[in-house]
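What follows is one structure encoded as structure tokens, with my remarks underneath.
Numbering (our numbering), first residue to last: 497 to 1491.
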């Protein structure tokens, strides 16, 4: 009986133990996208041996959990870990982890992927840097951030855009700008100024064919994928308000022009002394104007205000923001104001159906100084020109002399007495010029999950803008200035232009994911259609005599040459397929196939097929590397594929008619473009091999080698003059780009309160033309100082090689093609390639970040090496034989040759400079691109209030520049610069409040 009782008690104990265990089922969801999180780890807190990973639908099931366990820990790369209370069924919404967000990237169609699973080469941009971007255009924040990505400012004008290239120049006459994708659809560059950097969640740069081939015909120059911020499911509303104020001034100028005393001495040196009355102004009255300070605003203000609200319920997420930005330019008649509203809303209608919409509506109003890009006599009205060229003894104010002989200054001058030119302020007062842009970017999608693992998605996107330009030059009668100068009478003119552009993108995809044990497969199929249209017109009328009557129809003269209208349409149709496979998160393979058809080519050559294959091996997961403690990560990858380029005119293959010359008083029609029905795609064949590693849990290293070959290159072919046409497009050339990307980062300090990191990246790119047209090995364009030659860089300068100044007679010398000295300049005979290119083969950036508790300091540098520019500025400023007695000159002209035996690089007065190699300057530079100081006020200060956080910050942009280039700025990427708008140095201060 006793044995039976003890047996009964034991059974009860075992039963109670079994009863004390419990089971849990649930789902893990991305709180931002609402997508299931696949492969998330769900573990019982306090017992890491009990847990599970989420399946393809984000579901998990854990059995036999001890009764005393109360919490589950949910973790996933790129997400904040979260603890939830154990109950029979749980739903977990994981929030993004901003510090690990770069581990997960959006690369195109389908869902996001971990960087550790990518077979292709990609780069990411620090989101925090984007949020602290003080330029109007977000692309400025990309400079020096990604290996292989060259971002160079073309101008300091607030409305200007940057020159952007990825891994070299792939083409000569077709587009060389990367494709920009915003929330899954392409956008035009016009939207860049209407996109608030604070609204950007992430930017991913796709470099090689494996990463870009899914975009096929538009991916020849790489792809930059932008993802906007979105709200989070199951999260309380969060409100952020940020206000900032700053000011701009020009970056340091590397060239000094003469002051009044130096110019007076210079005129004595060349035997053309200044008149006595001018000497008196200098010596007796000290007139010595610094025109740089007069014509450039040294404290042009910038205002910026941001506000956003984000959050969501379990079925709805939202992000709504507004931005106001107002920035004045540093020269007359330049500046920009913009207002932006964004709304991103996603809804989980039920477990299998989701919809969403992302919208960005912007209004931009801006001025640009039209003389700043002048190439004719209006040079003199360009403030950047006048700041160097104006005579220092000209005063910015009218003046007279009292009866005691003292100088008395009056109003600000409208006309420079000795320079003989009106001032930029006078031009601005008598002109109105305004540009307005209304932009709309809209993305809507519908997504269903009919069965486990299958996602069907339809997306409709619109990228559109309305551009309006209004220009007025007001009439005035002859003006006699207080100093007796006469400003000639002028009639007025009116100009209007309008452009409406839209591009509609319709994308439909089906993605199926499944796994069997350690085999993980993802298959994607899709179709996409892009329809774009550009409609524009412009009209100009002159002869207005009354400032009150300035409409187009109130002008006296208008001709057909003053009226233009244009309409272009383009259609692209595409079908694409992609497959991804990995085994045990160790071996990864993917393949892409895309077929594109574009209306820019003839029907017989409209379609082309592009592909890629890639593989990745995570070697650290092999047993023979697993136990090496100092090696935390090591993986190699390789890929090969093709992408296309159709970035030419919409009707390049058509034979076109245009307006010919007048005949017998009437207009005529003539052939303006010859047809070429054989025109087809330019193709880039690209191979990439790379590796990534982490050592000692501190040192990150990534290296990629690439080799790209462009075939069937789209090139403007010159025609014989007997055809009556200058040339036309053809598929006639090829070139190669090969190089290396290197990224390195090191965490010097990593602790609870301290963090200090240094990072660097660089790219070396070798460019070579390998084929031209008609069997030629070179095609010279001396008017541009360029020559395309097989075996040489596409941007290499082609000029006569300057040999200096003969100390015996002060005359210039040159080398002829045989290397012999000559004093007879002959461009047609002696021009040659000089081994210097306008495209820097070396480009990169480096920086550091230090954080201590609530304080953080970040500094970023960008640099370019072996970059050259032809300085048109110096043709004017160091040309005493042509301009020395009319306008100011560089102080280097004080070294002018005056007598036999003088050893100098400045020839004798009367010698006129030529556009030879001495105007080619080294524009290599190192620039402190940004410094950001942020401080988060201690949360305990407002623990009992509705305020969640307050951050104050200061930002400096372009603070220091090291360069030998004597122009205003070394960054522009072009063959020649002419008194371009100087880049700006900015100082901004602000605060962000979170509620």
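Glycine included, every Cβ here is placed at the ideal spot set by N, Cα and C. What you are looking at is a predicted structure, and each value in this text was computed from that prediction instead of being measured.
request  = Put residue 1116 into one of helix, strand or coil per three-state DSSP.
outcome  = Helix, per DSSP.
request  = Can you grab the Cα-Cα spacing for the pair residue 961 / residue 773, in whole Å?
outcome  = Straight across, the Cα-Cα distance linking residue 961 with residue 773 is about 57 Å.
ask   = Buried or exposed: where does residue 1214 fall if 16 or more other Cβ atoms within 10 Å of its Cβ makes it buried?
value = Around the CB of residue 1214, fewer than 16 other CB atoms lie within 10 Å, so the residue is classed as exposed.
task = Could you say if the region 1176-1192 and the region 1097-1106 meet the contact criterion of at least three C-beta pairs nearer than 8 Å?
result = Result yes; three or more Cβ-Cβ pairs closer than 8 Å.
request  = Scan the region 1215-1283 and note each continuous beta strand (DSSP E) run of 3 residues or more that stays entirely inside, going in chain order.
outcome  = Within the region 1215-1283, the complete beta strand (DSSP E) runs of at least 3 residues are 1223-1246, 1250-1267 and 1274-1277.
Helix, strand or coil at residue 550 [DSSP, three-state] = Coil, per DSSP.
message = My parser needs the beta strand (DSSP E) runs of 3 or more residues fully inside the region 835-920; what are they?
response = For secondary structure counted as the beta strand (DSSP E) over 3 or more consecutive residues, the region 835-920 holds these complete runs in sequence order: 849-863, 893-897 and 903-908.
inquiry  = Please state the DSSP three-state secondary structure of residue 758.
reply    = Reduced to three states, the DSSP call for residue 758 is helix.
request  = Take residue 1577 as the anchor and find which of 1034, 996, 1297 and 701 has the nearest alpha-carbon.
outcome  = In the structure as shown, the chain starts at 497 and stops at 1491, and residue 1577 therefore has no counterpart that could be examined.
request  = Excluding the 5 residues preceding and the 5 following residue 1035 in the sequence, name in chain order all residues of the same chain whose CB lies nearer than 6 Å to its CB.
outcome  = Excluding positions up to five away in sequence, the list reads 992, 1048 and 1059.
request  = Would you kindly check if the distance between the Cβ of residue 528 and the Cβ of residue 728 is under 8 Å?
outcome  = Contact flag set, yes.
inquiry  = For residue 838 and residue 1450, I'd like the C-alpha separation in whole angstroms.
reply    = Rounded to the nearest angstrom, the two C-alpha atoms are 26 Å apart.
request  = Kindly examine the ligand NAP and report whether one of its heavy atoms sits closer than 7 Å to the Cβ of residue 889.
outcome  = This structure does not include the ligand NAP; it has no bound ligands of any sort.
C-beta atoms of residue 1402 and residue 1389 nearer than 8 Å = Contact flag set, yes.
query = Under 8 Å, do residue 1416 and residue 1364 count as touching if we go by C-beta distance?
reply = Closer than 8 Å, so yes.
message = Tell me whether the region 1008-1028 and the region 1077-1087 touch, counting them as touching only if at least three CB pairs, one residue from each stretch, are closer than 8 Å.
response = Between the region 1008-1028 and the region 1077-1087 there are three or more inter-stretch CB-CB distances shorter than 8 Å, so the stretches are counted as touching.
ask   = Taking C-beta to C-beta, are residue 973 and residue 1038 nearer than 8 Å?
value = Contact: no.
inquiry  = What does the alpha-carbon distance come out to for the pair residue 1428 and residue 640?
reply    = Cα-Cα distance, rounded: 15 Å.
Per DSSP, cross-strand counterpart(s) of residue 822 = As computed with DSSP, residue 822 is found in a beta bridge with 799 and 833.
message = For a quick check, are the C-beta atoms of residue 971 and residue 921 less than 8 Å apart?
response = Annotated as distal: residue 971 and residue 921, with beta-carbon spacing of 8 Å or more.
inquiry  = Contact defined as beta carbons within less than 8 Å: I believe residue 696 pairs with residue 724. What is the distance between those atoms, to the nearest angstrom?
reply    = Yes, they are in contact, since the Cβ atoms of residue 696 and residue 724 sit about 6 Å apart, within 8 Å.
task = Provide the residue(s) that pair with residue 1298 in DSSP beta bridges, ordered along the chain.
result = According to the DSSP secondary-structure assignment, residue 1298 is paired through a beta bridge with 1310.
request  = Could you tell me the boundaries of the beta strand (DSSP E) in which residue 1136 lies?
outcome  = Counted as a single uninterrupted DSSP element, the beta strand (DSSP E) harbouring residue 1136 occupies residues 1127-1141.
message = I need the boundaries of the beta strand (DSSP E) containing residue 457, first residue and last residue.
response = The requested residue 457 is not part of the displayed model; the chain covers only 497 to 1491.
request  = In the DSSP assignment, find the beta strand (DSSP E) that holds residue 1452 and state where it starts and stops.
outcome  = 1445-1459 is the extent of the beta strand (DSSP E) around residue 1452.
inquiry  = By the DSSP assignment, the alpha helix (DSSP H) with residue 1407 in it spans what residues?
reply    = Segment: none, residue 1407 is in no alpha helix (DSSP H) and carries neither H nor E.
query = DSSP state of residue 576, grouped into three classes?
reply = Residue state, collapsed to three classes: coil.
key: Distance between residue 1261 and residue 625 (C-alpha atoms, nearest Å)   = Rounded to whole angstroms, the gap between the alpha carbons of residue 625 and residue 1261 is 26 Å.
request  = Identify, in the order they occur along the chain, each residue of the same chain with its Cβ nearer than 6 Å to the Cβ of residue 509, setting aside the five sequence neighbours on each side.
outcome  = Only weak support exists for where residue 509 lies, its pLDDT of 43 falling under 50; the coordinates are left without a value.
inquiry  = Let me check one thing: in DSSP terms, what residues is residue 528 bridge-paired to?
reply    = Residue 528 pairs with nothing; no bridge assigned.
inquiry  = Nearest by alpha-carbon distance to residue 1053: which of 989, 1096, 1072 and 1082 is it?
reply    = The residue with the shortest Cα to Cα distance from residue 1053 is 989.
request  = Count the other CB atoms, across all protein chains shown, that sit within 10 Å of the CB of residue 1024; report buried if there are 16 or more and exposed otherwise.
outcome  = Residue 1024 is buried by the Cβ-count criterion.
Residue ranges of each beta strand (DSSP E) within the region 1414-1445, 3 or longer = With a minimum length of 3 residues, the continuous beta strand (DSSP E) runs that stay inside the region 1414-1445 are 1416-1418 and 1421-1432.
Residue 1153 versus residue 1167: straight-line alpha-carbon distance, rounded = Cα to Cα, the separation comes out at about 4 Å.
task = Taking residue 1371 as the reference, give the member of 620, 884 and 766 with the closest Cα.
result = Nearest option by C-alpha distance: 884.
key: Cβ pair residue 1486, residue 605 closer than 8 Å   = It is not a contact, given that the beta carbons lie outside the stated cut-off.
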